[in-house]
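Notes to accompany the following structure.
Numbering (this note's numbering), first residue to last: 73 to 133.
So this is what it looks like as C-alpha coordinates:
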(Lines of atoms letter the chains of each structure in order from A and count residues from 1; the text may use other names and numbers.)
(Lines give C-alpha, C1' and ligand atoms only; values in the text may rest on other atoms or scores of the structure.)
Protein backbone atom coordinates (compact mmCIF):
# COMPACT_ATOMS: atom_id res chain seq x y z
CA UNK A 1 0.00 0.00 0.00
CA UNK A 2 2.88 2.38 0.75
CA UNK A 3 4.21 2.44 -2.84
CA UNK A 4 0.72 3.19 -4.15
CA UNK A 5 0.24 5.90 -1.53
CA UNK A 6 3.40 7.59 -2.75
CA UNK A 7 2.81 6.99 -6.47
CA UNK A 8 -0.89 7.62 -7.07
CA UNK A 9 -1.01 11.30 -5.98
CA UNK A 10 1.52 12.08 -8.70
CA UNK A 11 -0.09 9.95 -11.43
CA UNK A 12 -2.66 11.76 -13.50
CA UNK A 13 -2.81 14.64 -11.04
CA UNK A 14 -4.92 12.63 -8.56
CA UNK A 15 -3.52 14.47 -5.54
CA UNK A 16 -5.22 13.58 -2.25
CA UNK A 17 -7.72 11.39 -4.09
CA UNK A 18 -4.77 9.17 -5.09
CA UNK A 19 -3.92 8.63 -1.43
CA UNK A 20 -7.46 7.50 -0.70
CA UNK A 21 -7.52 5.24 -3.78
CA UNK A 22 -4.31 3.48 -2.72
CA UNK A 23 -6.04 1.25 -0.15
CA UNK A 24 -8.81 -0.26 -2.32
CA UNK A 25 -6.39 -0.72 -5.21
CA UNK A 26 -3.86 -2.48 -2.98
CA UNK A 27 -6.65 -4.67 -1.57
CA UNK A 28 -7.66 -5.64 -5.09
CA UNK A 29 -4.08 -6.39 -6.16
CA UNK A 30 -3.42 -8.40 -2.99
CA UNK A 31 -6.64 -10.37 -3.37
CA UNK A 32 -5.86 -11.19 -6.99
CA UNK A 33 -2.35 -12.29 -6.04
CA UNK A 34 -3.78 -14.64 -3.39
CA UNK A 35 -6.38 -16.02 -5.78
CA UNK A 36 -3.86 -16.66 -8.56
CA UNK A 37 -1.44 -18.30 -6.13
CA UNK A 38 -4.22 -20.54 -4.82
CA UNK A 39 -5.30 -21.53 -8.34
CA UNK A 40 -1.74 -22.41 -9.32
CA UNK A 41 -0.67 -24.30 -6.18
CA UNK A 42 -3.56 -25.63 -4.11
CA UNK A 43 -6.20 -26.52 -6.70
CA UNK A 44 -3.94 -28.81 -8.78
CA UNK A 45 -2.99 -30.66 -5.59
CA UNK A 46 -6.65 -31.05 -4.63
CA UNK A 47 -7.47 -32.36 -8.10
CA UNK A 48 -4.60 -34.86 -7.84
CA UNK A 49 -5.79 -36.03 -4.43
CA UNK A 50 -9.34 -36.43 -5.74
CA UNK A 51 -8.17 -38.78 -8.50
CA UNK A 52 -6.19 -41.04 -6.15
CA UNK A 53 -7.99 -44.03 -4.65
CA UNK A 54 -8.78 -43.68 -0.97
CA UNK A 55 -6.30 -45.45 1.29
CA UNK A 56 -7.28 -46.88 4.65
CA UNK A 57 -5.90 -45.01 7.63
CA UNK A 58 -2.83 -46.57 9.27
CA UNK A 59 -3.28 -48.40 12.55
CA UNK A 60 -7.00 -49.09 12.14
CA UNK A 61 -6.78 -52.89 12.43
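We treat Cβ as the ideally placed atom computed from N, Cα and C, and that holds for glycine. A quick note: this is a predicted structure, and the numbers were derived from the prediction, not measured.
Problem set entry | residue 126 burial status per 10 Å Cβ neighbour count (16 or more: buried) | Within the chain shown, residue 126 is the residue found at index 54, counting from 1. Flag for residue 126 reads exposed.
Problem set entry | residue 105 classed as buried or exposed, judged by whether at least 16 other C-beta atoms fall within 10 angstroms | Your numbering for residue 105 matches position 33 in the chain shown. With fewer than 16 other Cβ atoms within 10 Å, it is exposed.
Problem set entry | Residue span of the alpha helix (DSSP H) that contains residue 124, given as start and end | The residue given as residue 124 occupies position 52 in the chain shown. From DSSP, residue 124 is part of no alpha helix (DSSP H); its letter is neither H nor E.
Problem set entry | Residue span of the alpha helix (DSSP H) that contains residue 74, given as start and end | Here the question's residue 74 lines up with position 2 in the chain shown. Run containing residue 74: 74 to 79, per the alpha helix (DSSP H) assignment.
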